[in-house]
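Student:
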Amino acid sequence: MSHLVRATLRLAGWLGRRFDAAVVAPGRPGPVALLRVALALIIALRLLAHDWSLVAERPVELTSHLWILGWLPRLPPSVLVAIQVVGLAGVALVVVRRAPRAGLVLSWLSLLVLAGLWGASGKFHHNDLLLLTATFPVLFARAPNRSNRPAAGNVDRAARAITWGWTPRAALAVVGCVYFLTGLQKLRHSGLAWVFSDNMSWVLLQGADSSPVSPELVRALAETPVLPRLLAGGALALELGAPLLLCWRSTRLVFAGAVTAMHLSIWVCLGLDYAPWWLTVWAVTLATGVPTGWAALRDRIVLRRAARTGPRAGPGAGAAPGAGPASTRDVPVAHG
Amino acid sequence: MMNPVTRARHLARGVAYGAPALLLVVALVGVDFWPFSAYRLFSTVRSDATSSQRLMVSYGDGTEQAVSCVDHPVLRETMRFVPRLPDVDTRTRDVMLGTWFADCNIDGADVVRVRIDKVDRAVDPVTHVTTETALTTVWNEVL
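Chains V and U supply the protein sequences, listed in that same order.
All residue numbers for the first sequence refer to our numbering, where the first residue is 3 and numbers rise by one.
All residue numbers for the second sequence refer to our numbering, where the first residue is 19 and numbers rise by one.
(1) Using alpha carbons as the reference points, say which of V:25, V:9, V:8, V:48 lies closest to residue 281 of chain V.
(2) Report the option in V:46, V:103, V:98, V:166 whose CA atom is closest to the CA atom of residue 117 of chain V.
(3) Short of 8 Å in beta carbon distance, which residues of its chain neighbour residue 153 of chain V, apart from the five on each side in sequence? Order them along the chain.
(4) Buried or exposed, going by whether 16 or more other CB atoms sit within 10 Å of the CB of residue 115 of chain V?
(5) Measuring only between beta-carbons, confirm whether residue 64 of chain U sits less than 7 Å from chain C.
(6) Looking at the C-beta of residue 271 of chain V, does it have a partner C-beta in chain U at a distance below 7 Å?
(7) Give, in chain order, every residue of the region 122-142 of chain V whose Cβ lies closer than 8 Å to some Cβ of chain U.
(8) Cβ closer than 7 Å: which chain V residues qualify as neighbours of residue 57 of chain U?
(9) Determine the extent of the beta strand (DSSP E) in which residue 139 of chain U is found, giving its start and end residues.
(10) Output the distance between the C-alpha atoms of residue 30 of chain V and residue 102 of chain V, rounded to the nearest integer angstrom.
(11) Closer than 7 Å, CB to CB, is residue 30 of chain U near chain V or not?
(12) So that I know if they touch, is there some Cβ in chain V lying closer than 7 Å to that of residue 151 of chain U?
(13) Residue range of the alpha helix (DSSP H) that residue 45 of chain U falls in?
(14) Using a C-beta cutoff of 7 Å, does residue 221 of chain V count as contacting chain U?
(15) Chain U beta carbons: is any one of them nearer than 7 Å to that of residue 241 of chain V?
(16) At a CB distance below 7 Å, what residues from the region 96-126 of chain V approach chain U? Give them in sequence order.
(17) Since residue 260 of chain V contacts residue 240 of chain V with CB under 8 Å, what's their CB separation in whole angstroms?
(18) Residues of the region 242-265 of chain V with a CB closer than 7 Å to any CB of chain U: list them in chain order, please.
(19) Applying the criterion that 16 or more other CB atoms from any shown protein chain within 10 Å of the CB defines a buried residue, is residue 170 of chain V buried or exposed?
(20) Can you give, in chain order, each stretch of the alpha helix (DSSP H) that sits fully within the region 222-268 of chain V and has at least 4 residues?
(21) Can you tell which of V:189, V:36, V:90 has its C-alpha closest to the C-alpha of residue 59 of chain U?
(22) Kindly indicate the opening and closing residues of the beta strand (DSSP E) around residue 74 of chain U.
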């Protein structure tokens, strides 16, 4: 028994060390720059989505003290617009790559404050939450500068490379965690009845009038015997499986496509716009690497062509015609 | 002084492990404190029955009107504070009512009474028509 426990502990320790090594492994500045620009652009879309000055018309007596800003006196419209402008200026800094880190911090703070104030009207708004939460680790990513030139110290360059590696991975972990928690709360508060009862049918029926497409279509969907349960089961499985699906590059795009379909179907059926969520998922997914599956597929195509055209025509020079594609492990191609 | 590489690794571990751990703790505790959330999105099981509270005003001539602000995107959401009305002081209540009345084009001088009704509704599974199944007055105040 003790031998089994020791073996389990050794395995857990080994897995933990592997995981930790993957977290702090160095990265390249390119993906971080891509992620920073993508997140900044989504923040810009959100900053332009509202007339934030309307918040000034809400009295303090109708303001929820969701966080420290809820205790502030009523902010005049000019201040709210100024915060919005500062945020958009921050986005511009990121896009033109002049002080991109400071620019992202500015735009993030701007949306954090404005969305928080807007949401302090009694209803907690989740629309911007994934974007803000996933952007948080990226705020730590340092931009390439003089220290990346050969004259700079190796130690500083190594430290920057570590930052470029962990920040997109941490953003990915945050995205996976948030989706997992949304699924976990469904199980926690409702159990499997969330899937196997008439829950989704009633969700669709009660929200059908808000559908921007066709309330009749939504009601028809709700009345089908199986589809609502399939939708509920698929959504729950997707949310609970998020950490695993985001763990491997080959399934990240599947996850991004699936959550996009889920959020778009929510918009079609209930009129709830969660575009910032799926846009954030795409930004983080694409920045953390093109899946090896794509590269492997490309390599297989090259190998097949090589097998057809002859032994000296391409990278699959050793493959015999008709022998099929070589294993992707044999292809000396670096993936991201 | 700490080596920059060691410092970078400490920061990496702090944020990469700390952020998901914090999200998990907040969700399990069940706190909604911006920008932290328990992420209880559609987490309860729905049925054919729903319940809500409705603010009503009565005029001197005996007519009544529901107060439902729908135009202002921010004030519309403050209607969620209606259940707080019985517990707030008179000054706060007057500010809350005055804000909603103004947005709903209600002249507060004409209003003689306000009340909160708890309305239970049910959706007919065949016709999809929503009907009120029960009405309970939870607060009634003469102005």
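Heads up, the beta-carbon is just placed ideally off N, CA and C, and yes, glycines get one too.
From a predicted model like this one, the values you see are computed outputs, not experimental measurements.
Tutor: Walking through what the data contain:
(1) If you number the first sequence from 1, residue 281 of chain V lands on position 279. Checked all of V:25, V:9, V:8, V:48; the closest Cα to residue 281 of chain V is V:48.
(2) In the first sequence, the residue the question calls residue 117 of chain V occupies position 115. For residue 117 of chain V, the nearest C-alpha among the options comes from V:46.
(3) Here residue 153 of chain V is taken as the residue at index 151 of the first sequence, counted from 1. Residue confidence for residue 153 of chain V is low, a pLDDT of 47 falling below 50, so the modelled location carries little weight; the figure read from the coordinates is stated next. Residues of the same chain with their beta carbon placed closer than 8 Å to that of residue 153 of chain V are lacking, with the five preceding and five following residues left out of the count.
(4) Your numbering for residue 115 of chain V matches position 113 in the first sequence. When all chains shown are included, residue 115 of chain V counts as buried.
(5) Although the question refers to chain C, the structure presented lacks it and instead comprises the protein chains V and U.
(6) Taking the first residue of the first sequence as position 1, residue 271 of chain V is located at position 269. Contact of residue 271 of chain V with chain U is not assigned, every C-beta pair being separated by 7 Å or more.
(7) Residues of the region 122-142 of chain V with a C-beta atom less than 8 Å from some C-beta of chain U are 122, 123, 124, 125, 126, 128, 131, 134, 135, 138, 139, 142, listed in chain order.
(8) The residue labelled residue 57 of chain U in the question sits at position 39 within the second sequence. Chain order gives the chain V residues near residue 57 of chain U as 180, 183, 184, 187, where near means a beta carbon separation below 7 Å.
(9) Here residue 139 of chain U corresponds to residue number 121 of the second sequence, with the count starting at 1. Run containing residue 139 of chain U: 129-141, per the beta strand (DSSP E) assignment.
(10) As a first step, residue 30 of chain V is located in the first sequence; it is residue number 28 there, counting from the start. As a first step, residue 102 of chain V is located in the first sequence; it is residue number 100 there, counting from the start. Taking the straight line joining both Cα atoms gives about 16 Å.
(11) As a working mapping, residue 30 of chain U is identified with position 12 in the second sequence. Interface with chain V (7 Å Cβ-Cβ cutoff): residue 30 of chain U is included.
(12) For the purposes of this step, residue 151 of chain U is identified with residue 133 of the second sequence, where counting begins at 1. So no, residue 151 of chain U is outside the interface.
(13) Position 27 of the second sequence, counted from the first residue, corresponds to residue 45 of chain U. Per DSSP, the continuous alpha helix (DSSP H) segment holding residue 45 of chain U begins and ends at 22-47.
(14) Along the first sequence, one-based indexing puts residue 221 of chain V at 219. Chain U, which has a Cβ nearer than 7 Å to the Cβ of residue 221 of chain V, makes this yes.
(15) The count along the first sequence starts at 1 and reaches residue 241 of chain V at position 239. Judged by the 7 Å Cβ criterion, residue 241 of chain V is not in contact with chain U.
(16) Answer in chain order: 114, 118, 120, 121, 123, 124, 125, 126.
(17) As a first step, residue 260 of chain V must be located in the first sequence, where it is residue number 258. As a first step, residue 240 of chain V must be located in the first sequence, where it is residue number 238. Yes, residue 260 of chain V and residue 240 of chain V are in contact; Cβ-Cβ is about 5 Å, under 8 Å.
(18) Along the region 242-265 of chain V, there is no position whose C-beta sits under 7 Å from a C-beta of chain U.
(19) As a position in the first sequence, residue 170 of chain V is number 168, starting the count at 1. Looking at its Cβ environment, which holds 16 or more other Cβ atoms inside 10 Å, residue 170 of chain V is buried.
(20) DSSP runs (the alpha helix (DSSP H)) wholly in the region 222-268 of chain V: 229-242, 244-249.
(21) In the second sequence, counting from the first residue as 1, residue 59 of chain U sits at position 41. Of the listed residues, the one whose Cα sits closest to residue 59 of chain U is V:189.
(22) Position 56 of the second sequence, counting from 1, holds the residue named residue 74 of chain U. Boundaries of the beta strand (DSSP E) harbouring residue 74 of chain U: 67-77, taken from the DSSP string.
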